[in-house]
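In the numbering used here, the protein residues as written are 7 to 574. Everything on this sheet refers to the single structure shown next.
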C-alpha cells in the first residue's frame, strides 16, 4: 500500500514534533532545540535532542535519530502505515491511499466500529446486575478490574450482543466479519455467551477481537475470536499497547501464556507483561517483544507442556536476535497460582534466578546429564536451541554453556552445530548463506545512510553501487527503490511512493547522517570494491578449484594471482 507523497509531507508538516515527542519524553528547551533523556537507552545525561527547525530528533548517546515518523515507529513499534494514519487522524487530514481499494478501507473501518461497540456493551454488562456472576468470579480470583483497567467485560447469553448491534444498524455481515456472531443455516447467534471477555488490542490500542473465559465446567474453558481482516492472531500480543511503557520504565518485558497470568503480574507491578493468549509465539510477536526491551523473561506454566512451550518460545526469540531468560516455576503451578500462594517477593526471587535457554533445558533433567547415547541426544537438542540464534554473540555464549554442561569439546560441538544450522536454514539461504533476508545489518545500513545523507540522494554513489553489494535482501530492495526514484527525477527519497515494508526501514536511514565528505566517499567505495566484491569473488574461485579440470584450474590460479588482496 502506498500513500500520496503530498499527503505524507502534509502530515509531517502539520505535526508538531516537540509536542508529539513530548508525550513520551520530558523535554526542556536548550537554545533552538529541546532536550531530554533518551527513551531508547539508559540515558543519564539528557543526550536526546529535538530540533523543530529541521523537524528531526537525534540522540548523541546511542546514535539513534530521524523524524517524527521514525520516532513513533520505534517508540510505539508501529509500522509506517500505522504512524501515517495515526498522525493524519490527529491532524484532521484525509489521506489518499492510492493503492488501497476503497471497499477494503471501508470494511476495516466498519469492523473497528462494530468491535469497539461490542467492547462498550460487554463492559456495561459487566457492571450491571447481569454481570454479577462475572464480578464474583473475578473477586474470588482476587482480580480488581477497577484498579487494573484491563477492559474486562461480560458477554451474557440469549444473543444480547446481536440484538444490541442490530439496534445500532450494524449488519449481520459486518458482525460476522468481525467474528462477533456465528451464522448456522442462516440463523445468527452470539459467538461469546455467558463468558468473561478480554479485549485484544492492536498496537494503537484499538480493540480488534476478544478472548473469553467460561465459568464452571464450560467447554471450551477459553474461547478466542477468529482471524479477521483486522485481527491476525500471530501479529498481536495481549496487553502490548500498554506494556510498552512499562517495559521501558522497568527495563524488562515478561511473556506469559494466559489472561489471568497477565492480570496477576500487572496487579503486583509488572506493567511490562504481555501474553500469547494460549497460542505458540510467532516470529512477528517475537520482534514486537524484542522491540519492548532487550531483557525478555519467559514465564510459562510449570508443567511439562509449559516447559516445552517455553523452550520453543525461546527458540523463536533467539531467531529474532533476542537473548531471553526463562523463569522456572514449581511443577504444576502457573504464574497466577504462584503469586497468589507465595506472594510478589518470592516471584521477584524467581525473576532474579531466571535461566538462559540452555541452562533451563538442563534444569528439566534435574541438573544432571546422562551417559552414553542419552548424553548425545541431549547435546544435539541443546545445539538445536543454540542454532536458533541469529545473533553470533548470543550463539557463542550459549555454545560455551553447552560445552561446559555436556563435557563435549568445542570442536565436536561446532561440527554438530554447523550441521544442525544447515538443516534449519531454508533452501535459498542454504544455497547462498551470505545473503540474509530480513534484518538489515550495520554495514548495509551505513551504506544506505551514506547515499541519503542530509535527506538527499547521492547520485554518484547510487550509480556506483550494485544491488548485490548489499548483504541483506531488504537492503538490496531499498537500494533498488532509491535508484528507481533517482532515475525518475527525484532528488530525495519520497516515502509515500515506497512499499510499506521498505518505508519502515527507510525512516531509520534517510537523513540520519548530516553529510558525507569526499574522503569518506572514497573510503566507502574502496570498502565495497574490496570487501563486498573482490574478496567474495576470490573465495568463490577457490571453492571451485577442487572440482575444476586441469585447464580450468590453471585459468583460475592465474586469475587469483592477478593482484594480491588480503582477506581480513
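Note that CB positions come from ideal geometry on N, CA and C, so glycine has one too. This structure is a prediction, so every number in the text was calculated from the model and none was measured.
DSSP, read as helix, strand or coil, puts residue 496 in coil.
Taking all protein chains in view, the Cβ of residue 353 is crowded by 16 or more other Cβ atoms within 10 Å, so the residue is classified as buried.
Residue 244: not part of any beta strand (DSSP E); DSSP gives it neither H nor E.
Counting only runs of at least 4 residues, the segment 376-407 fully encloses the following alpha helix (DSSP H) elements, listed from N- to C-terminal order: 379-393. With respect to the C-alpha of residue 81, the residue from 123, 296, 475 having the closest C-alpha is 296. For the beta strand (DSSP E) assignment, the uninterrupted runs of no fewer than 3 residues enclosed by the segment 104-162 are, from N- to C-terminal side, 159-161.
Secondary structure of residue 229 (DSSP, three-state): strand. Look at residue 299 here: in three-state DSSP terms it is coil, with no helix or strand label.
Beyond the five residues adjoining it in sequence on each side, residue 275 comes within less than 8 Å, by CB distance, of 350 in the same chain, given in chain order.
Not a single unbroken stretch of the alpha helix (DSSP H) spanning 4 or more residues falls wholly within the segment 31-57. Remark: C-beta atoms of residue 63 and residue 90 do not approach each other more closely than 8 Å. With three or more CB-CB distances shorter than 8 Å, the segment 123-142 counts as touching the segment 156-168. With 16 or more other Cβ atoms inside 10 Å of its own Cβ, residue 322 counts as buried.
For residue 90, the enclosing alpha helix (DSSP H) has its first and last residue at 86-96.
Across the structure, residue 172 and residue 194 are spaced so that their CA atoms are roughly 11 Å apart.
Boundaries cannot be given for residue 459, as no alpha helix (DSSP H) includes it and DSSP labels it neither H nor E. Close CB contacts of residue 34 within its chain, under the 7 Å cut and outside five residues either way in sequence, are with 40, 41, 42 (chain order). Of the candidates 477, 522, 334, 416, the residue whose Cα lies closest to the Cα of residue 467 is 522. Three or more beta-carbon pairs separated by less than 8 Å link the segment 411-420 to the segment 378-395, which places the two stretches in contact. The criterion of a C-beta distance shorter than 8 Å is satisfied by residue 457 and residue 488.
Excluding five sequence positions before and after residue 93, the CB atoms of its chain that fall closer than 6 Å to its own CB belong to 17, 21, given in chain order. Going by C-alpha positions, residue 138 is about 14 Å away from residue 147.
Excluding sequence positions up to five before and after residue 67, its CB lies within less than 8 Å of the CB of 44, 47, 49, 51, 53, 54, all in the same chain and listed in chain order. Around the beta carbon of residue 221, fewer than 16 other beta carbons lie within 10 angstroms, which makes this residue exposed. Residue 482 and residue 531 have their C-alpha atoms roughly 17 Å apart. The segment 208-216 makes no contact with the segment 261-272; the number of CB pairs closer than 8 Å stays below 3.
Looking only at 273, 318, 252, the smallest Cα-Cα distance to residue 282 is reached by 318. Residue pairing by DSSP puts residue 204 in a beta bridge opposite 217. As a beta-bridge residue in DSSP terms, residue 194 pairs with 189. Here residue 450 is buried. Its C-beta has 16 or more other C-beta atoms within 10 Å.
Contact between the segment 233-251 and the segment 308-318 is absent: fewer than 3 CB-CB pairs across the two stretches fall below 8 Å. Of the candidates 494, 177, 270, the residue whose Cα lies closest to the Cα of residue 348 is 270. If you compare the alpha carbons of 248, 101, 74 with that of residue 14, the shortest gap goes to 101. Less than 8 Å divides the Cβ of residue 203 from the Cβ of residue 160. Residue 453 is not bridged by DSSP to any residue. In this structure the segment 285-303 does not lie against the segment 336-344, because fewer than three pairs of beta carbons, one per stretch, are closer than 8 Å.
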